[in-house]
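As they're listed, the protein sequences go chains A and B.
Mapping of the first sequence onto the working numbering: residues 184 to 561, in sequence order.
Mapping of the second sequence onto the working numbering: residues 10 to 282, in sequence order.
A virtual CB, placed ideally from N, CA and C, is assigned to each residue, including glycine.
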Amino acid sequence: MADVAGTPASPESPAPPTGPSARSRGGPADEATPLRERVLALREGSIIVVTLVVAIYFALNTGAFFTSANFKTLLPYVAPFAILGAGEVFVMILGEIDLSIGGTYLLAPYLFYKLANGGFPLVPSVIVALIACMAVGLINGFFTAVVGISSFVTTLGMLFTLEGLTLIISNGEPVNTPGAQVHQTHRVVTHVVNGVHIQLQEAVNHIGTFAKFFGGGVYSEIIWALVIVVVLQVLLTFTRWGLHTVAVGSNKLGAAEAGVLVRLVTIRNFILCAVAGGLVGVLQSVSSQTVQPDTAGANEILFYGIAAAVIGGTLLAGGSGTVVGALIGALFLGILKDGLILQGVSANYLLFYTGLAILAAMSINAYVLRLRRGTHRG
Amino acid sequence: MADQAPAPAKIVPPTSAPDDVLRVEHISKRFGPVTALRDVNLHLRKGEVLGLLGDNGAGKSTLIKILSGFQKQDGGQMWLHGQPYEPKSVDDARAKGIDTVYQDLALIDELSVYHNLFLRREKVHRPFPFLANREMKLEARKALDEIGINIPRIDVAVARLSGGQRQAIAVARTVNSASDIILLDEPLAAMGAKEGSMILDLVARLKAEGRVSIIMILHNYVHVLEACDRVSMIQDGAIALDKPTAETSVEELTDIVVNEYRRARAATHEESA
């Protein structure tokens, strides 16, 4: 009996001796694993390498890349993709997809605007807008998990519905974001020029605490993104929520038979994803100071969010994924676009190169995945 | 022995005993035009291993799914420890002490051995409900040792284990829970002789302990006679035979199946004629 159970599962784990020594965590195979293989064993491993290579390339070729000014441009640009990707990871691990985040992205700021304009305080307005997004996620999850419609179709319908609804209630016109106005004051500054003191008037921009917190501050969005990525990665790796998400995505019937509440798991992940979409919408509207009914922009940001998750190593087929990967995928997309702009690539070529780079990165990803399977699955 | 209304011919009424942990009467189940279970009567005594036999499509798996709360019967009643038993879900059935090892194992390939062992019953820390992985690993190791399953590493994904190891883990999962009735749906399917004997050893050990009662779907009559106290055979959605294994033989069981096969052949010929 022991010899049956002890049959090595893969070539690199030699037939273990019976007895306590075989039970040490890790085991001999792990300690001998070289660094190269350990990096590859990480789900995010390949995209980390690819992103680093791209960053180093731009740093060497463009003096302006590795500057704090550039990071101030780059990081807020990356943040929305990272947050959307993080939410999307939870849905994609289930083997589903959520296209409606483009819709909540567009609608939430308008709900926020309507509420705040109607005299509701700012923060509660945001919260109510996000609760509306939760309702959207609930409906997505219901149609997918209970009615049994494919999530692609469900959320595509929801995307168009929400975008249309936004156009209706906004009348297609942009408005100023409540609480995001910039007050300009002037102060007198004394400069010393050639030993002569001169007094000059300088303009100073002030933004409110609310705006600073919700996307207006330089680092506000990236801090939101980092906090969300950390929290969601912890949720995915260290809680029952995450464990059951992987279980449903890996073997839905098996998970159901084991008693995992498949519908609940599916619905709450759709809620999570929808809220991520709404939050990014609000953050973006505060940072740009306008709420815009820009459906094309919403669709683009939706696909960047999904791309961040996929590039970061989350499988469209489900069962496997990482939130940190989505952040790195977002960084890859951001660095790529930023670097190309700094290199002076014409706007007409930008999308073309971005597309080719995504194809190249995913090819490398797939190759590394095969290497990993080869070394680790035997 | 039989204490109820006369059943239609060919259907064996349930033998009842005071120490029945589970009784099933007149269970029926249809899927659209297909009748999976016509009228099933069954009982299980404490500490007993009951072998469930039957042709493909006879309704064995459907019966298991009803017992485990995964599906609901159309007609008939069940009693658990003398109380009416109407499981609302798999969770509900498990809470009442009935746990199942399904044919497709219900193992999650992407998850580790110990996470699979604790799936749905995960241990978490307090006050922040993070997974208590170290605790689960230790307990998983202990549980596997106790029932004599040797899995070298419990932190690898179950995708990397052999069929026998996977089956053993699936069995260990139910044993590890507080269940006192375990349903095994073809535990020896797609398994070599060596791995199969490992599972039968495991069942024998559980039987010797006497804590749990087991219903096991099997195909091999030799296994049934070796591992089970009693055998029930489902034919055509009803129990056609119910005997202690000591009172039956491979020959008798084979005869029943051969006769059924002949009848089916004859019926097919009539239809085509």
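Residues in the same chain with beta-carbon distance under 6 Å from residue i, minus the five sequence neighbours each way, listed in chain order, please.
i, result
"B:A249", "M242"
"A:S433", "G502"
"B:R32", "H52, W88"
"B:L209", "A236"
Report the rounded CA-to-CA distance for residue i versus residue j, giving the unit in angstroms.
i, j, result
"B:I158", "B:V165", "16 Å"
"A:I564", "A:I310", "The displayed coordinates of chain A run from 184 to 561. Any statement about residue 564 of chain A would go beyond what the structure contains."
"B:M87", "A:V493", "49 Å"
"B:M225", "B:D194", "6 Å"
"A:A247", "A:I390", "28 Å"
"B:N268", "B:N65", "15 Å"
"B:R271", "B:P253", "26 Å"
"A:P361", "A:L305", "8 Å"
"B:R239", "B:A255", "8 Å"
"B:G78", "A:T422", "26 Å"
"B:P138", "A:S283", "30 Å"
"A:V528", "A:L345", "35 Å"
"A:V507", "A:A544", "17 Å"
"B:A202", "B:L61", "20 Å"
"A:A315", "A:V474", "17 Å"
"A:S546", "A:G324", "32 Å"
"A:G210", "A:L258", "With a pLDDT of only 38 at A:G210, under the threshold of 50, the placement of this residue in the model should not be trusted; the figure read from the coordinates follows. If you take the alpha carbons of A:G210 and A:L258, they lie about 41 Å apart."
"A:V358", "A:A291", "13 Å"
"B:R150", "B:K132", "15 Å"
"A:T327", "A:Q367", "49 Å"
"A:Y625", "B:M145", "Because chain A is modelled from 184 through 561, residue 625 of chain A falls outside the range shown and cannot be assessed."
"B:V49", "B:T183", "25 Å"
"A:S471", "B:A152", "58 Å"
Could you give the DSSP three-state label for residue i: helix, strand or coil?
i, result
"A:V365", "strand"
"A:E385", "strand"
"A:F421", "helix"
"B:M225", "strand"
"B:S188", "coil"
"B:G63", "strand"
"B:L51", "strand"
"B:R129", "coil"
"A:M585", "The structure shown has nothing for residue 585 of chain A, since chain A only spans 184 to 561."
"A:I511", "helix"
"A:A247", "coil"
"A:L415", "helix"
"B:H124", "helix"
"A:F396", "helix"
"B:K81", "coil"
"A:P292", "helix"
"B:E34", "strand"
"B:K105", "coil"
With distances taken Cα to Cα, identify the nearest neighbour of residue i among the options.
i, options, result
"A:G268", "A:Q416, A:L243, A:F295, A:T245", "A:Q416"
"A:L485", "A:F393, A:L554, A:S468, A:I266", "A:I266"
"A:I518", "A:E227, A:P307, A:I351, A:Y260", "A:Y260"
"A:V401", "A:I352, A:L305, A:L466", "A:L466"
"B:C237", "B:F40, B:G56, B:D28, B:V43", "B:G56"
"B:R47", "B:Q244, B:E279, B:D264", "B:Q244"
"A:E356", "A:D477, A:E404, A:F393", "A:D477"
"B:V231", "B:G205, B:A45, B:L147, B:K74", "B:G205"
"A:G437", "B:R220, B:V259, B:L126, B:A67", "B:L126"
"B:R169", "B:A181, B:L120, B:R220, B:D189", "B:L120"
"A:V458", "A:I406, A:G331, A:L289", "A:L289"
Closer than 8 Å by C-beta to residue i: which residues in its own chain qualify, once you throw out the five before and the five after it? Chain order, please.
i, result
"A:I280", "E271, V274, S334, F335, T338, I489, L499"
"B:N229", "L197"
"A:K172", "A question about residue 172 of chain A goes unanswered here, because the residues of chain A that appear run from 184 up to 561."
"B:R135", "none"
Who are the near neighbours of residue i in its chain, counting only those whose CB is closer than 7 Å to its CB and skipping five residues on each side?
i, result
"A:T245", "G522, L525, Q526"
"A:E227", "G495, G496, T505, V507, G508, I511"
"B:H90", "V30"
"B:E34", "P23, N50, G85, Q86"
Could you tell me whether the segment 300 to 314 of chain A touches the segment 527 to 546 of chain A, using the rule of 3 or more Cβ pairs below 8 Å?
-> no
Answer yes if the segment 89 to 105 of chain B comes into contact with the segment 206 to 216 of chain B, meaning at least three C-beta pairs across the two stretches below 8 Å, and no otherwise.
-> A contact between stretches requires three or more CB pairs, one per stretch, nearer than 8 Å, and the segment 206 to 216 of chain B fails this requirement with the segment 89 to 105 of chain B.
Are there three or more Cβ pairs, one per stretch, closer than 8 Å when the segment 440 to 450 of chain A is compared with the segment 379 to 388 of chain A?
-> no
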